[in-house]
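Here's the structure we're looking at; comments come further down.
Structural data, given as structure tokens:
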């Protein structure tokens, strides 16, 4: 849903950006500290759990017509490795079919878009990127010029409230200060991921490809447990995510491992590599 949020009034009292926090971000432009500091700044403006930053530019050699670059992600109370795994999977598997970004890439101007996660049809896109990651709310602020579009996505976890209109106005109000910094940072630092620019595949994507190639049939729970193990979770952690007892998750693992012919989590990951 595209929202028409008015631009900021710089004379407005209690403007949600201090010189100190802005100075910390300015100081980090072009360095690995930029995204973490930007995340902390945004969390002061609007409480968040995850921040994603992307740049896209027109490129006819790419499947979508755009070269999409993941500049980085930050988390507040969220595991950074888990965030990285989700974004790697996103750019390997789902960025082409993402309806939110398909609707705004290439557009000029500043746009604030809210994703209705509850309205996303059941399927891999919703399951992998939102349900399993426990993300329930997302809004994206994007600014496009004739040269490139930069976007900042804010996400909140389950049990957190949806973004309010007041919060989205606060987010919009800092955009004219943040986007020039983001554009400068993106132009002076390497992207962490360029969609479909290399044959690298996320381990979970490799696992899916091997299952399809070998025609192996896992039950839904067997597959889900293996998927969590591949992305770095332990069996107890997988059990908690699935809402089952640890002993039940262990039984899923044993049945799946027997079908795949593996004995350990390391062998499980290696089994998927064989598909590449």
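In the UniProt record's numbering, the protein residues as written are 1 to 276.
Glycine included, every Cβ here is placed at the ideal spot set by N, Cα and C.
Quick caveat, the model's predicted, so the values are computed rather than measured.
(request) Assign residue 59 to one of two classes, buried (16 or more other C-beta atoms within 10 Å of its C-beta) or exposed (fewer than that). (result) exposed
(request) Enumerate in chain order the residues of its own chain whose CB-to-CB distance from residue 81 is below 8 Å, with the five nearest sequence positions on each side excluded. (result) 232
(request) Using alpha carbons as the reference points, say which of 117, 98 and 189 lies closest to residue 157. (result) 117
(message) Out of 122, 215 and 47, which one is the CA nearest neighbour of residue 167?
(response) 47
(request) Would you tell me roughly how many angstroms separate the C-alpha atoms of residue 155 and residue 224, rounded to the nearest one? (result) 23 Å
(request) Measure the C-alpha to C-alpha separation of residue 161 and residue 139 and round it to an integer number of angstroms. (result) 13 Å
(request) With DSSP as the reference, please indicate the residues paired to residue 54 in a beta bridge. (result) 70 and 151
(request) Ignore the nearest five residues each way along the sequence and tell me which others in residue 83's own chain have a CB closer than 7 Å to its CB. (result) 50, 73 and 75
(request) Along the alpha helix (DSSP H) that carries residue 137, what are the first and last residues, could you check? (result) Segment 135 to 144 is the beta strand (DSSP E) holding residue 137; no alpha helix (DSSP H) there.
(request) Count the other CB atoms, across all protein chains shown, that sit within 10 Å of the CB of residue 146; report buried if there are 16 or more and exposed otherwise. (result) exposed
(message) Buried or exposed for residue 67, going by 16 or more other Cβ atoms inside 10 Å?
(response) buried
(request) Identify which residue in 228, 78 and 172 has its Cα closest to the Cα of residue 110. (result) 172
(request) Grab the span of the beta strand (DSSP E) containing residue 109 for me, first residue to last. (result) 109 to 115
(request) Please specify which runs of the alpha helix (DSSP H), each continuous and at least 4 residues long, are wholly inside the stretch 228 to 256, giving them in chain order. (result) 235 to 242
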